[in-house]
Amino acid sequence: SLGRDELPSMLEKYRDLFLQAEVQTQEELEEKIMRRMTQLGFASEEVGIYRFLPPMHRFLDVCLSVQQDRDLAASLHSALPLPTPVLIDDDSDEKLLETDDPLDLAEFGEETEEDALARAIADEQRQEMDT
1 SLGRDELPSM LEKYRDLFLQ AEVQTQEELE EKIMRRMTQL GFASEEVGIY
51 RFLPPMHRFL DVCLSVQQDR DLAASLHSAL PLPTPVLIDD DSDEKLLETD
101 DPLDLAEFGE ETEEDALARA IADEQRQEMD T
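Residues in the sequence shown are numbered from 1 upward in steps of one, following the working numbering.
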């Protein structure tokens, strides 16, 4: 544990290290170092007393934070309205075959391998003529 009143002596003791981190005053020490250590979970601050946390504590905090984020995301996701399915008539099988899917290969269903090769060659020749 380290109280705010002990920060000046710590600043003096490790002055060379803090100068490398561009920390020269107690305020900068609190703002740049201690607050960041608290944000990252390496320390906790209660009523002006900083307590350095062991690495295991940090690991558990990160795990709990990730779980809370997942729980929050799941609760937000479940609150979204679900899309309403579109119903069609039982006797309209043609509607089932209609699609706007660009990956729909239905038009090539009856094509033989030779036909497909001939079509590909013709497409390629057309593209070469266009360029």
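Note that beta-carbon positions come from the ideal geometry of N, C-alpha and C, so glycine has one too.
* Asked: In terms of residue numbering, what span does the beta strand (DSSP E) encompassing S44 cover?
  -> S44: member of the beta strand (DSSP E) spanning 43-46, first to last residue.
* **Residues of its chain near R51, where Cβ-Cβ distance is below 6 Å and the 5 sequence neighbours each way are ignored** => Excluding positions up to five away in sequence, the list reads S1, S44.
* Under 8 Å, do L40 and L7 count as touching if we go by C-beta distance? -> No, Cβ-Cβ distance for L40 and L7 is not below 8 Å.
* Would the beta-carbon of G3 fall within 8 Å of that of I49? -> Against a cut-off of 8 Å, the Cβ pair of I49 and G3 comes out as a contact.
* Local conformation of L2 per DSSP, three classes -> Reduced to three states, the DSSP call for L2 is strand.
* In whole angstroms, what separates the C-alpha of A74 from that of D16? -> Just so you know, the alpha carbons of A74 and D16 end up roughly 48 Å apart.
* To do: Give every residue of the same chain whose Cβ lies closer than 7 Å to the Cβ of Q26, excluding the five residues on either side of it in the sequence, and list them in chain order.
  => Cβ within range, chain order: L7, P8, L11.
* Bridge partners of I49, per DSSP? -> The bridge partners DSSP lists for I49 are G3, E46.
* To do: Report all residues from its chain with a CB closer than 7 Å to the CB of T38; omit the five preceding and five following residues, and keep chain order.
  => Only S44, E45 meet the Cβ criterion.
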